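Chemist: Shown below is the structure under consideration.
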Amino acid sequence: MTAATKTPRYYPAEDAKPAKKVHLVKQNPPRIRKSITPGTVVIILAGRFRGKRVVCLKLLESGLLLVSGPYKINGVPLRRVNPAYVIATSTKIDVSQVDVSSITDEFFSRDKDEKKEGEQEFFAGDAPKPAVVSEQRKAEQKKVDDVLLKIVGSTEMLEGYLAARFTLSSNDKPHNMKF
352 MTAATKTPRY
362 YPAEDAKPAK
372 KVHLVKQNPP
382 RIRKSITPGT
392 VVIILAGRFR
402 GKRVVCLKLL
412 ESGLLLVSGP
422 YKINGVPLRR
432 VNPAYVIATS
442 TKIDVSQVDV
452 SSITDEFFSR
462 DKDEKKEGEQ
472 EFFAGDAPKP
482 AVVSEQRKAE
492 QKKVDDVLLK
502 IVGSTEMLEG
512 YLAARFTLSS
522 NDKPHNMKF
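Be aware that the sequence shown starts at 352, since it is given in my numbering, and climbs by one per residue.
Right, dumping it as structure tokens:
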């Protein structure tokens, strides 16, 4: 009888797992509620501007909404908002004259040249500088607000409605309310 194949002298400490095949899943386009359309006045429910009424300008590719206060009326700048955190009201305005075609998700991205500071630089440096709004954002905000303010001014009592904060008291029943 001949000897069988020789056993290896080395055994791996862990079992070798076969490599998994990566299946790229194509993302479906985001769905949005039928009540939220460009020109709809929506109430922001969360975040810094919660309770503010803003005008929805368009739906971005990422599925977020582009909204604006206008800034002069209630202090809300051009922002992206998740549609899950807004309530659509029955108030609608015509925003077809507002040009927001140049505003995309990249408009809101941060600069890539911002570098992270290490521990030494953090303790050695001065206090962090406050965020400065770029001139491009200011120009876009002014361009959008000029048209929006004309539309809002031509509608009776809309300016006061947008300026007022939305709140609930203990006797309010939101499930019975018509927005």
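Backbone N, C-alpha and C define an ideal beta-carbon position, used for all residues, glycine too. Note that this is a predicted model, so its numbers are computed, not measured.
With distances taken Cα to Cα, identify the nearest neighbour of G490 among Y422, A482, S520 and Y436.
Modeler: Walking along the sequence shown from the start, residue 490 turns up at place 139. According to the sequence shown, residue 490 is Ala rather than Gly. Comparing Cα-Cα distances from A490 to each of Y422, A482, S520 and Y436, the minimum goes to Y422.
Chemist: Report the rounded CA-to-CA distance for K529 versus D462, giving the unit in angstroms.
Modeler: If you number the sequence shown from 1, residue 529 lands on position 178. If you number the sequence shown from 1, residue 462 lands on position 111. Cα-Cα distance, rounded: 42 Å.
Chemist: Going by C-alpha to C-alpha distance, which of N425, L416, T358 and P481 sits closest to L509?
Modeler: Looking up residue 509 in the sequence shown gives position 158. It is N425 whose Cα lies nearest to the Cα of L509.
Chemist: Are the CB atoms of F517 and I383 nearer to each other than 7 Å?
Modeler: On the sequence shown, residue 517 is found 166 positions in, with the first residue counted as 1. On the sequence shown, residue 383 is found 32 positions in, with the first residue counted as 1. Not in contact: F517 and I383 (Cβ atoms no closer than 7 Å).
Chemist: With respect to the alpha helix (DSSP H) encompassing K443, which residues constitute its N-terminal and C-terminal limits?
Modeler: Walking along the sequence shown from the start, residue 443 turns up at place 92. It is not in any alpha helix (DSSP H) - K443 instead sits in the beta strand (DSSP E) that spans V437 to K443.
Chemist: State the start and end residues of the unbroken beta strand (DSSP E) segment that holds V427.
Modeler: As a first step, residue 427 must be located in the sequence shown, where it is residue number 76. Per DSSP, V427 belongs to no beta strand (DSSP E) and is neither H nor E.
Chemist: Assuming E412 and D456 form a contact by the criterion Cβ under 8 Å, report the distance between their Cβ atoms to the nearest whole angstrom.
Modeler: As a working mapping, residue 412 is identified with position 61 in the sequence shown. As a working mapping, residue 456 is identified with position 105 in the sequence shown. That belief holds up - the Cβ atoms of E412 and D456 are roughly 6 Å apart, short of 8 Å.
Chemist: Under 8 Å: do the stretch 388-403 and the stretch 435-447 share three or more Cβ pairs, one atom per stretch?
Modeler: Touching, yes, given that three or more Cβ pairs across the two stretches are closer than 8 Å.
Chemist: With DSSP run on the structure shown, which of helix, strand or coil describes R404?
Modeler: Here the question's residue 404 lines up with position 53 in the sequence shown. The answer is strand: DSSP assigns R404 an E or B state.
Chemist: Under the three-state reduction of DSSP, which class applies to K495: helix, strand or coil?
Modeler: Taking the sequence shown and counting its residues from 1, the one referred to as residue 495 is at position 144. For clarity, residue 495 is Val in the given sequence; the question names Lys instead. Reduced to three states, the DSSP call for V495 is helix.
Chemist: Can you tell which of G414, R404, P363 and D496 has its C-alpha closest to the C-alpha of A515?
Modeler: Here residue 515 refers to the residue found at position 164 of the sequence shown. A515 has its Cα closest to that of R404, out of G414, R404, P363 and D496.
Chemist: Would you say G390 and K443 are within 7 Å of each other, going by their C-beta atoms?
Modeler: If you number the sequence shown from 1, residue 390 lands on position 39. If you number the sequence shown from 1, residue 443 lands on position 92. In contact: G390 and K443 (Cβ atoms closer than 7 Å).
Chemist: Could you tell me the distance, in whole angstroms, from the CA atom of V548 to the CA atom of L519?
Modeler: Residue 548 lies beyond the stretch modelled for the chain, which goes from 352 to 530, so this question has no answer here.
Chemist: Which residues in the same chain as S386 place their Cβ atom closer than 6 Å to its Cβ, once the five residues preceding and following it in sequence are excluded?
Modeler: By one-based count along the sequence shown, residue 386 stands at place 35. The answer, listed in chain order, is A439.
Chemist: When we look at the beta-carbon of S419 and count the other beta-carbons within 10 Å, is it buried (16 or more) or exposed?
Modeler: Stepping through the sequence shown from its first residue, residue 419 is reached at position 68. It counts as buried.
Chemist: Take F459 as the anchor and find which of S485, S521 and D445 has the nearest alpha-carbon.
Modeler: By 1-based counting over the sequence shown, the position of residue 459 is 108. Cα-wise, what sits closest to F459 is S485.
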